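In the numbering used here, the protein residues as written are 1 to 136. A short write-up of the structure that comes next.
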């Protein structure tokens, strides 16, 4: 099971936001004046600034709730090892959790009791269906 704190750009998620026209106009003005390369640059910077402002709360919550921070990947071999040990997993991730394409739905269902992800969960449709009711 690998855990990487920094995600690759290909691991990013696209979101959609609604802004008031005046806010959007101000963003465009700052881009036009050269403060930011584009709208996305300003929005990412604003989000990072807010996350930095609340970094202590995030750190405390990660520690208290025993969350894995970053990228957590589970492949077939990982889950087979869990099954061979007679154990099950309660997965808790803040970031990106991936369940490999090599993991059959039956193995996922047999080894994962619960899965809570604040961020993104990447898994095949069949695996997600097998874990339905266990994903929070």
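Cβ atoms here follow ideal geometry from the backbone N, Cα and C, with glycine treated the same way. No experiment lies behind these values; they were computed from the predicted model shown.
Outcome for residue i when other beta-carbon atoms lying within 10 angstroms are tallied against a minimum of 16
i, result
"residue 72", "buried"
"residue 103", "buried"
"residue 67", "buried"
"residue 111", "buried"
"residue 15", "exposed"
"residue 98", "buried"
"residue 27", "buried"
"residue 130", "buried"
"residue 79", "buried"
"residue 57", "exposed"
"residue 22", "exposed"
Residues bridged to residue i (per DSSP)
i, result
"residue 119", "95"
"residue 90", "114"
"residue 135", "115"
"residue 68", "93"
Unbroken alpha helix (DSSP H) run spanning residue i, endpoints
i, result
"residue 48", "39-53"
"residue 179", "Here the chain covers residues 1 to 136 and nothing more, so residue 179 does not appear."
"residue 25", "21-32"
Expected contact under 8 Å - CB spacing of residue i and residue j to nearest Å
i, j, result
"residue 95", "residue 119", "5 Å"
"residue 121", "residue 115", "7 Å"
"residue 65", "residue 90", "Wrong, their Cβ atoms sit about 11 Å apart, outside the cutoff."
"residue 105", "residue 82", "Not a contact, Cβ separation roughly 15 Å."
"residue 19", "residue 30", "So it is not a contact: roughly 13 Å between Cβ atoms."
"residue 34", "residue 75", "Contact flag wrong, Cβ pair sits at about 45 Å."
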